[in-house]
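Under our numbering, the first residue of the sequence shown is numbered 1, with each subsequent residue one higher. Built from N, CA and C at the ideal position, the CB exists for glycine as well. Below is one structure, written out as structure tokens; comments come after it.
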Amino acid sequence: MTPHFVLRGALALAAALLVSVPAQAQLFRAYLAIDGNDANPCTLPQPCRLLPAALGAVADGGEIWLLDSANYNTATVNIAKSVTILAVPGAVGSILANGSPAVFIDTAGVNVALRNIVIVRFPGSAVTYGINMTNGSSLTVEGSLVSGPSDACIRVEGAVSVRVIDSTIRCDGYGIQVRNGVSATITRSVISAPVGYAVAAEGSAAGTTTTASVADSTLQGSGVGGYAGSTNATATAILAVGGSQVDRNGFGLQASSSAGGAARLTARDNLITNGQFYGIQVTGAGARAWAAGNTVSDGLFGLAAESGGVFESAGDNAVRNNGTNKSGTIAVVAME
């Protein structure tokens, strides 16, 4: 008997010992299984089959447990309440993206967490986003895989707190795109976007501040590994990358301002290698970069300041074996 079946049996026994609730009461914890039925009440003894049924049965702030390795949707999963969706240990719960997006969140105040979930594109289908959040309070993605959508794996806009932990993110356009007020932290994750941005903090709406912090992660095989970009004079975009590997990107890390708004990049203790063009670049008036303790090697340019961008260095970056190690004015500023 496998540990997974032992766990499922133990959960069923625990549920059987609980006092039953009225049939119309919403559940704190709803269950889905490969042999479930959406006509069931989504309890552990009588699980449902697909996510829409469980979302209808679970209370705001509750949990949905996926008991088996299976796909749990047939179309876009619309989440309009606070909920945690997780697969039990030993199971891989998947959301097969056969529409656009795979998961959509657009409800003020909701807190959504996805743990141990796989979101992949159905072969041949047109899927632009894995997770698209346009309103809400927070999004957590932990121990998960998002792969295949063309535009962005994870796209979040507005005053939302985002956490991505221990996850693998692979999409063409954007791995993780946060815009216009988002505050994001990304830890111990591997992210790639072959024709776009692995991680992008973007400001285009007036008066907004968008921040993203990346630590202990790998940004690889992308057009740009990490990007802070402002396209509005009063929009601020801030990106901090520390203790990470930035490898085989067109641009390793970049801060760019096209309208004079603040675009700020902090890079500390990163290994930035094998870039097609730039290791760390700052471009445009309003853009600033601060770099300390990085190794930047084997690219066309190592450190670069262009078009009025301000680049400050702690003077302790190892910049070697690039076509041009430094381009533009790289000001050495003493550490305080």
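- Per DSSP, L44 lies in no alpha helix (DSSP H) segment and is marked neither H nor E.
- Remark: C-beta atoms of G275 and L303 do not approach each other more closely than 8 Å.
- Excluding residues up to 5 positions away in sequence, Q220, T273, N274 lie with their Cβ nearer than 6 Å to the Cβ of D247 in the same chain.
- Residue pairing of G229 in beta bridges, as defined by DSSP: E202, S256.
- In the DSSP secondary-structure assignment, N132 is bridged to F104, R155.
- If you look at A54, you'll find it isn't in any beta strand (DSSP E); it sits in the alpha helix (DSSP H) that goes 51-57.
- Its Cα nearest to that of R155, the residue N135 stands out among D60, N135, D166.
- Contact between S125 and N98 is confirmed by a C-beta separation of about 5 Å, below the 8 Å threshold.
- In terms of CA proximity to G309, A262 leads the group G323, A262, T324.
- About 6 Å separates the Cβ atoms of V162 and V178, confirming a contact at the 8 Å cut-off.
- Taking the Cα of A91 as reference, the smallest distance to any Cα among S82, N232, S69, P123 is reached at S69.
- Per DSSP, E336 lies in no beta strand (DSSP E) segment and is marked neither H nor E.
- Cα atoms of Y227 and I169: separation of roughly 16 Å, rounded to the nearest angstrom.
- The C-alpha of E312 lies about 8 Å from the C-alpha of R288.
- In the displayed model, S150 falls within coil according to three-state DSSP, outside both helix and strand.
- The beta carbon of V77 is closer than 8 Å to those of L51, P52, L55, I95, A102, V103, F104 in its chain, skipping five residues each way along the sequence.
- Beta-bridge analysis with DSSP links K326 to L303.
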